[in-house]
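Novice: Could you have a look at this structure, given as structure tokens, before my questions?
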Amino acid sequence: MSVDSQTYRDAMARLGAAVNVVTTGTLADPVGFTASAVCSVSDAPPTLLVCMNRASRARDAFHTGGPICINVLSAGQRDISGTFAGPLDMYERFTVGHWTTLATGAPALEEAVASFDCRIDRIVEVGTHSVIFGVVEAIRIGAPVGGLVYFNRAYHVLPHGGHDH
């Protein structure tokens, strides 16, 4: 039995996910996009994966060995998500928030709930998407605030659980 693409997308809309801004490049030449398809792969070595549409205009900036920073957005950062998902050029996108770097030189959002600064270990092409594997070189944990998730094609706020890191 074959599952059609629309049924698959409708079902996947019910799989809630954290909202992230994924960056590469440098502060002088930044590239970034909004992603909810981010997943932990392993803690030894600490590795994440990010799925990016192969048709994305940001795609060419991501390459094996290059830097990548996954910036987890907070409940109050829906505007940043929209900016990085919209039609603005890359330099305009980075006018929202405050950007620094950690170990790799990729732009890291100072106000992120957490930033995972990585080197791209490999990129695997699967269907319409590139699956980017990043080995974590540095982490910055932000303020203990509520989270932002995308579920059923809408943003939702998760309350802060009250536990410090």
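Take the sequence shown: its letter number 58 is residue 58 in UniProt numbering, and every next letter is one higher. Note that the Cβ used here is the ideal one computed from N, Cα and C, for glycine as well.
For Leu73 and Gly134, what's the separation of their Cα atoms in angstroms?
Specialist: Their Cα atoms are separated by approximately 18 Å.
Novice: Which of helix, strand or coil does DSSP assign to Glu125?
Specialist: Glu125: strand per DSSP, three-state reduction.
Novice: Among residues of its own chain, excluding the 5 on either side of His165, which ones have a beta-carbon nearer than 8 Å to its beta-carbon?
Specialist: For His165, the predicted model reports a pLDDT of 47, less than 50, meaning its position is unreliable; a value from the coordinates is still stated below. The residues are Ile141, Pro144.
Novice: In the UniProt domain "Flavin reductase like" (12-157), which residue ranges form an unbroken beta strand (DSSP E) of at least 3 residues, counting only runs that do not cross its ends?
Specialist: If we require 3 residues or more, the beta strand (DSSP E) runs fully inside the UniProt domain "Flavin reductase like" (12-157) come out as 20-25, 30-35, 38-43, 46-53, 67-72, 99-101, 107-109, 114-126, 129-141, 147-151.
Novice: Evaluate the contact criterion for the region 74-82 versus the region 41-51: three or more CB pairs, one atom per stretch, below 8 Å.
Specialist: Output reads no: the region 41-51 does not touch the region 74-82.
Novice: Can you tell me whether DSSP reads Asp10 as helix, strand or coil?
Specialist: The answer is helix: DSSP assigns Asp10 an H, G or I state.
Novice: Would you call Gly16 buried or exposed, if buried means 16 or more other Cβ atoms sit within 10 Å of its Cβ?
Specialist: Counting Cβ neighbours within 10 Å, Gly16 comes out exposed, since fewer than 16 surround it.
Novice: Tell me whether Ser5 sits in a helix, a strand or coil according to DSSP, three-state version.
Specialist: Three-state DSSP puts Ser5 in a helix.
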